[in-house]
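J.:
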Amino acid sequence: MSDSQLLPTGQKKINHLEMIEISKFFPGVIANNRVNFDVKAGEVHALLGENGAGKSTLMKVLYGLYPPEEGAIKLDGEQVVIGSPVDSIGLGIGMIHQHFMLVESLTVAENVALGLASTRGPLTDLDIVSQRIQELSEIYGLQVDPKALIWQLSVGQQQRVEIIKALYRGAALLILDEPTAVLTPQEVDEFFLTMRKMMDDGHALIFISHKLHEVLDISHRISVLRDGHMIGTIPVEGATKEKLAEMMVGREIGLKKERVSNEKSEKKLILKNISAQSDRGTPALKGIDLEVYSGEILGVAGVSGNGQKELAEVITGLRNVTSGQVVLEDEDVTGLSPKELINRSLSYIPEERMRDGMIKEFTVAENLILREYDQLPFANNGFLNLKNISTHSDEMIKSFNVKTPSQETTVKSLSGGNIQKLVLARELFRKPRTLIAAQPTRGLDIGAMEYVHLRLLEQREEGTATILISEDLDEILALSDRIAVIFEGEIMGIIDREEATTERLGLMMAGVVE
Amino acid sequence: MEKWLRSESVSKLADALLPVFAALAALAVGALMLLVLGANPFEAFGALLDGAFGSANSLADTVVKATPLLLIGLGICISFRGNVINIGGEGQMIIGALLATALGLAFPDWPGIVMIPLAMLAGFVGGAFWGGIPGALKAYFNVNEILSTIMMNAIAVQLMNFLLSGPMIDPVQAAKASQIPQTARLSTSFDLPRLIPTRLHLGAGIAVLLAILVYILLWRTTIGYRIRAVGQNRFASRYAGIDVKRQIVLALLLSGAFAGLAGAIQVFGINHRMITDGSATGFTGNAGFNGIVAALFGQLNPIGTIPAAFFFGALLVGANKLQRVMQVPSALITTINGLVVVFVVSSEKWRKTREQKRLTDMMAEIDGDPPPNPEKAVKEVGS
Ligand SMILES: Nc1ncnc2c1ncn2[C@@H]1O[C@H](COP(=O)(O)OP(=O)(O)OP(=O)(O)O)[C@@H](O)[C@H]1O
Ligand SMILES: [Mg+2]
């Protein structure tokens with residue numbers, strides 16, 4: 000670590016930032032209860048906790064998005080008031096959100112310059128911005144072309160833009176809220192290189208993740224929140240996954256379910272030579288052939304953006320095919336409406352939960368009937384049966400352990416992981432005969448993730464045919480019977496799980512034909 | 000903890016009362032104008048209150064004025080909840096009235112008990128038709144409904160002027176040189192029953208009953224669930240198996256139907272014939288627009304729209320009295336009315352922006368889905 004008080008970006012270091020006795024309340028929830036947290040220059044401080052533990056809330060208090068009910072923030076020993084992100088940016092605090100707040104149709108440089116007016120005067124010269132982006136990307140190995148349009152970039156590249164944007168604004172302390180959730184394993188490695196470089200230079204980094212191996216890999220200290228309380232802060236030395244999990248959950252976890260071998264029986268879902276276009280009108284699926292048996296989980300591995308979304312939408316009736324045929328339970332269902340497919344006991348866990356899977360202004364209860372709002376027992380003769388809806392919600396909230404003040408709470412005020420749990424609860428609870436699950440455990444804490452795996456395996460034993468679309472190879476390997484690898488809209492190959500290794504899958508995902 | 004509880008509910012209450020404060024602020028500006036004109040604002044507002052509530056008759060007039068506002072407001076609750084902006088209340092009201100009147104004129108001998116419900120139904124259907132057209136244009140041809148509903152208003156006025164001065168003209172007028180464009184008076188047996196010996200008629204009761212029904216429709220039926228779902232999130236609605244286009248048509252159709260009913264009630268309860276001065280306002284009294292404000296004032300809740308419509312009815316009736324007593328130019332009354340509209344609409348907009356901001360801040364993370372972009376949302380609905 001260099002001893003200079005300046006970072007290579009020219010920004011002054013934040014030697015020590017302390018959050019003292021921070022409390023933040025929401026209607027019916029104590030999101031943070033007298034929480035103490037601190038981070039120092041040159042360290043990565045990981046923040047762990049179950050879904051809804053209050054991690055994001057604490058960070059949003061630090062970034063100035065929420066005023067705390069009580070508590071103080073000290074920067075290098077001096078108390079500071081952070082009333083808005085303008086204040087926190089001014090103090091050298093930056094935040095990277097999990098999904099990015101970039102304008103798709105603008106270039107990298109324009110995105111970085113966007114919103115600077117308030118701090119740097121009305122005129123921003125894009126050439127100067129580009130030059131500075133080059134400098135920053137050289138320092139931290141964040142390769143991006145300032146002139147590239149955002150929509151042309153991969154998720155990993157977009158994340159780099161977000162980091163550059165924060166550094167450009169003079170961040171000496173970076174809050175990284177679940178940055179790795181959307182990255183492929185390779186991208187995570189690159190991302191960690193950047194993090195290490197920043198940390199060596201004296202940046203202070205706060206890192207939120209549900210993946211314990213990542214946390215153990217990169218952090219110096221680890222803090223655990225549970226139900227809004229700070230359970231403790233421990234150095235990484237001596238920390239183990241088991242210990243962390245226990246701190247998070249308050250008990251030992253170990254619901255790992257043994258996979259039993261399962262006789263595959265009849266073919267449930269057959270895709271014949273399916274082609275379809277993306278939203279932009281470019282070919283997204285090019286002649287896909289797949290078969291899924293009942294009682295089987297077919298993993299679809301691949302770097303996101305290679306046609307997975309289109310594949311799921313074609314099967315669920317949300318996207319038209321340009322050619323080919325979808326056969327479900329011996330019936331040609333090509334071109335049927337989503338409704339008709341719902342009625343054929345097809346469930347779908349969409350990847351973009353907030354856009355496709357939830358109506359965020361609706362209540363928890365209303366969202367839990369989204370797919371069957373007009374069917375018994377939720378509705379009869381066009382009238383909603385509020386009593387049944389409410390009983391049903393309570394049951395689902397309980398069985399999926401969703402943290403919500405009530406079933407009347409609007410979904411927009413739940414934590415990310417809890418929103419995901421609602422989607423899962425709705426799609427799994429009805430015991431579908433066919434299930435399309437896209438990134439089902441993204442953003443879930445370990446306990447919830449294991450629970451979902453358990454449920455998927457249970458469904459499998461009961462004969463559900465499942466397509467599991469995931470970027471997480473561990474998940475694919477843990478659950479699938481067979482694994483198909485998708486690359487640029489084509490299936491590169493289908494292998495049995497016994498023959499699959501991370502390396503082999505990794506190569507296929509990169510487009511190497513066997 | 001307690002402090003927070005209080006501040007939370009206080010801010011909720013503040014949101015609910017915001018339109019009331021906005022209206023008061025508008026009246027305060029109105030008072031200033033009165034001062035400038037040399038009138039005593041206290042006396043003026045005294046007159047206004049007296050005019051609106053001073054006697055059984057004036058109270059009845061207030062309710063009568065509020066009735067079309069409430070009906071149109073109910074339609075607005077439906078369409079705005081479905082994220083469809085219906086500016087066509089004026090035209091829909093006219094078409095509903097024309098159809099109901101034509102029916103009444105065609106069968107003057109039918110008993111009232113048969114004709115009145117049928118005429119109301121005709122109003123409902125006429126308005127639904129006139130609202131359904133822009134609905135279908137929006138859903139299937141991506142035509143902006145704000146523009147198309149406004150254009151449909153213009154067409155409706157021309158249609159009314161044409162029919163009242165030709166095919167539907169009062170035979171008495173047709174024989175005269177003056178040829179006032181109006182229909183014959185409807186049979187007196189078709190007059191909506193009076194509730195008490197004032198101008199208060201059955202229409203007000205119908206409107207209040209319908210407010211309750213619309214509330215049930217929106218929050219207790221699958222139709223309402225669908226309309227609200229589409230209004231909030233088109234993508235998730237599709238995922239839910241909802242036919243998005245059909246809901247857009249339905250939202251505008253229902254919205255128009257309530258305006259059409261307001262038109263029929265206006266004729267059968269008050270005017271008993273249709274007459275035109277060439278403008279839409281001559282018949283509607285701007286109810287098509289004021290109804291929107293009433294609904295916003297009632298926060299797009301059918302039950303909340305009841306007092307909101309009453310408030311605007313009072314303002315309209317009271318303003319007449321104010322003008323008579325204080326001898327101020329009638330333009331001033333229009334101005335005060337307009338001020339209330341501007342203030343209420345802006346306060347609603349402000350409330351939305353604050354809510355949006357709160358939401359955006361929150362969404363900044365909610366594991367991180369991008370913040371909702373209101374402009375984009377509007378565009379998406381259109382596509
Ligand atoms: N804006 C809000 N309004 C109401 N409640 C909120 C709001 N934001 C968060 N909460 C509640 O505060 C609690 C903590 O949420 P937070 O988002 O901090 O959890 P988290 O630890 O980030 O969880 P996850 O791992 O699922 O992202 C949750 O119970 C959530 O429902
Ligand atoms: Mg979070």
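Line by line, the protein sequences are chains A and B. Under numbering that gives the first Met the number 0, the first residue of the first sequence carries the number 0, and numbering increases by one thereafter. Under numbering that gives the first Met the number 0, the first residue of the second sequence carries the number 0, and numbering increases by one thereafter. Ideal placement from N, C-alpha and C gives every residue a C-beta, glycine not left out.
1. Excluding the five sequence neighbours on either side, which residues of its own chain have a C-beta within less than 8 Å of the C-beta of A:L113, listed in chain order?
2. In chain A, what lies closer than 9 Å to B:A228 by C-beta?
3. What would DSSP say about A:H96, mapped onto helix, strand or coil?
4. Specify the secondary structure class of B:A184 as computed by DSSP and reduced to three states.
5. Please state the DSSP three-state secondary structure of A:K59.
6. Along the chain, where does the beta strand (DSSP E) that runs through B:R193 open and close?
7. Give me the residue from A:G76, A:M357, A:Y62, A:H96 with the minimum Cα distance to A:D86.
8. If you pair each beta-carbon of the stretch 250 to 265 of chain B with each one of the stretch 75 to 91 of chain B, do three or more pairs fall below 8 Å?
9. Please give the ranges of any alpha helix (DSSP H) in the stretch 235 to 306 of chain B, keeping only runs that are unbroken, at least 4 residues long and fully inside the region.
10. Would you mind reading off the limits of the alpha helix (DSSP H) that contains A:Q158?
11. Which residue's Cα is closest to the Cα of A:P439: A:G316, A:Y450, A:I221?
12. Are the C-beta of B:A15 and some C-beta of chain A separated by less than 7 Å?
13. Got a sec? Which residues, its chain only, sit under 8 Å from B:V19 by beta carbon, not counting five neighbours each side?
14. Could you give the first and the last residue of the continuous beta strand (DSSP E) run that contains A:Q130?
15. Give, in chain order, every unbroken run of the alpha helix (DSSP H) that is at least 4 residues long and sits entirely within the stretch 129 to 187 of chain B.
16. Which term fits B:F140, buried or exposed, when burial requires 16 or more other beta carbons within 10 angstroms of its beta carbon?
17. On the DSSP letters alone, give me the boundaries of the alpha helix (DSSP H) that A:I81 sits inside.
18. Just to confirm the assignment, what range does the alpha helix (DSSP H) spanning B:A228 have?
19. Would you tell me roughly how many angstroms separate the C-alpha atoms of B:T66 and B:G312, rounded to the nearest one?
20. Work out the CA separation of A:M491 and A:K430 for me, nearest whole Å.
21. Can you find a heavy atom of ligand 1 that lies under 6 Å from the Cβ of A:T440?
22. Using a Cβ-Cβ cutoff of less than 8 Å, which residues in the same chain neighbour B:L185 once the five nearest sequence positions on both sides are dropped?
23. Quick one: is A:F486 near chain B, going by C-beta distance under 7 Å?
24. Measure the Cβ-Cβ separation of B:M92 and B:T283 and say whether it is below 7 Å.
25. Between which two residues does the beta strand (DSSP E) harbouring A:G48 extend?
26. How many Å lie between A:H44 and A:E470 at the Cα?
27. For the stretch 224 to 254 of chain B, list every residue whose C-beta sits within 7 Å of some C-beta in chain A, in sequence order.
28. Kindly indicate which three-state DSSP category A:A483 falls into: helix, strand or coil?
29. How would you label A:L565, buried or exposed, when you count the other beta carbons within 10 angstroms and need 16 or more for buried?
30. Over what stretch of residues does the beta strand (DSSP E) that includes A:Q374 continue unbroken?
31. Whole angstroms is fine: what's the gap from A:E360's alpha carbon to B:Q231's?
32. Using a threshold of 6 Å, is the CB atom of B:L230 nearer than that to any non-hydrogen atom of ligand 1?
33. At 7 Å on the CB atoms, spell out the chain B contacts of A:P337, in chain order.
34. Say yes only if the C-beta of A:S208 is nearer than 6 Å to one or more non-hydrogen atoms of ligand 2, and no if none qualify.
35. State buried or exposed for A:K146, treating a residue as buried only when at least 16 other CB atoms are found within 10 Å of its CB.
36. Would you say A:G91 and A:G169 are within 7 Å of each other, going by their C-beta atoms?
T.: Result, derived from the coordinates:
1. Sequence index remark: in the first sequence, residue 113 of chain A carries index 114 (1-based). Only V102, L105 meet the Cβ criterion.
2. Along the second sequence, read from residue 1 onward, the residue named residue 228 of chain B stands at position 229. The contacting residues are I358, F361, E365, L369, Y372.
3. Reading the first sequence from its first residue, position 97 is the one you call residue 96 of chain A. Here A:H96 sits in coil by DSSP.
4. What you label residue 184 of chain B is simply residue 185 of the second sequence in a count that begins at 1. For the sequence presented, residue 184 of chain B should be read as Arg rather than Ala. Coil, per DSSP.
5. By one-based count along the first sequence, residue 59 of chain A stands at place 60. In this structure, A:K59 counts as helix in the three-state DSSP scheme.
6. Against the second sequence, residue 193 of chain B aligns to sequence position 194. Here B:R193 belongs to no beta strand (DSSP E), and DSSP marks it neither H nor E.
7. Start at 1 with the first residue of the first sequence, and residue 86 of chain A comes out as number 87. Nearest C-alpha to A:D86: A:Y62.
8. yes
9. 243 to 265, 280 to 283, 286 to 296
10. Translated into the one-based positions of the first sequence, residue 158 of chain A becomes position 159. Here the alpha helix (DSSP H) through A:Q158 covers 154 to 167.
11. The residue given as residue 439 of chain A occupies position 440 in the first sequence. The candidate whose alpha carbon is nearest that of A:P439 is A:Y450.
12. Residue numbering aside, residue 15 of chain B sits at position 16 when the second sequence is read from its first letter. False, the Cβ-Cβ gap to chain A never drops below 7 Å.
13. To locate residue 19 of chain B, count along the second sequence from 1; it is residue 20. Hits under 8 Å: none found.
14. Numbered from its first residue, the first sequence carries residue 130 of chain A at position 131. It is not in any beta strand (DSSP E) - A:Q130 instead sits in the alpha helix (DSSP H) that spans 125 to 139.
15. 144 to 164, 170 to 174
16. For the purposes of this step, residue 140 of chain B is taken as residue 141 along the second sequence, with counting starting at 1. That one is exposed.
17. The residue labelled residue 81 of chain A in the question sits at position 82 within the first sequence. Taken as a continuous stretch (DSSP letters only), A:I81 belongs to no alpha helix (DSSP H), as it is neither H nor E.
18. Here residue 228 of chain B refers to the residue found at position 229 when the second sequence is read from its first residue. 221 to 231 is the span of the alpha helix (DSSP H), which, as asked, contains B:A228.
19. Within the second sequence, numbered from 1, the residue matching residue 66 of chain B stands at position 67. Within the second sequence, numbered from 1, the residue matching residue 312 of chain B stands at position 313. Cα-Cα distance, rounded: 8 Å.
20. Position 431 of the first sequence, counted from the first residue, corresponds to residue 430 of chain A. Position 492 of the first sequence, counted from the first residue, corresponds to residue 491 of chain A. Between A:K430 and A:M491, the C-alpha separation is close to 31 Å.
21. Mapped onto the first sequence, residue 440 of chain A falls at position 441. A:T440 Cβ: outside cutoff for every heavy atom of ligand 1.
22. Numbered from 1 along the second sequence, position 186 holds the residue referred to as residue 185 of chain B. Once the five neighbours on either side are set aside, the close Cβ partners of B:L185 are T100, G103, L104, P107, V266, F267, H271, R272.
23. The residue given as residue 486 of chain A occupies position 487 in the first sequence. So, not an interface residue.
24. Stepping through the second sequence from its first residue, residue 92 of chain B is reached at position 93. Stepping through the second sequence from its first residue, residue 283 of chain B is reached at position 284. Contact flag set, yes.
25. Along the first sequence, read from residue 1 onward, the residue named residue 48 of chain A stands at position 49. Unbroken beta strand (DSSP E) run through A:G48: 43 to 48.
26. Within the first sequence, residue 44 of chain A is the residue found at index 45, counting from 1. Within the first sequence, residue 470 of chain A is the residue found at index 471, counting from 1. In a straight line, the C-alpha of A:H44 is about 26 Å away from that of A:E470.
27. Y224, A228, Q231, N232, F234, A235, R237, Y238, A239, G240
28. On the first sequence, residue 483 of chain A is found 484 positions in, with the first residue counted as 1. Looking at A:A483 - three-state DSSP - the assignment turns out to be strand.
29. Chain A is shown only over 0 to 513; residue 565 of chain A falls outside these bounds and no answer can be derived.
30. Position 375 of the first sequence holds residue 374 of chain A. Premise fails: A:Q374 is in no beta strand (DSSP E) and is neither H nor E.
31. Start at 1 with the first residue of the first sequence, and residue 360 of chain A comes out as number 361. Start at 1 with the first residue of the second sequence, and residue 231 of chain B comes out as number 232. Rounded to whole angstroms, A:E360 to B:Q231 spans 7 Å at the Cα level.
32. The residue given as residue 230 of chain B occupies position 231 in the second sequence. Sequence inspection shows Gly at residue 230 of chain B; the Leu mentioned does not correspond to that position. The answer is no for B:G230.
33. If you number the first sequence from 1, residue 337 of chain A lands on position 338. Simply R237, Y238, G240.
34. The count along the first sequence starts at 1 and reaches residue 208 of chain A at position 209. No.
35. Counting from 1 along the first sequence, the entry for residue 146 of chain A is found at position 147. With fewer than 16 other Cβ atoms within 10 Å, it is exposed.
36. On the first sequence, residue 91 of chain A is found 92 positions in, with the first residue counted as 1. On the first sequence, residue 169 of chain A is found 170 positions in, with the first residue counted as 1. In this structure, A:G169 lies closer than 7 Å to A:G91 by Cβ.
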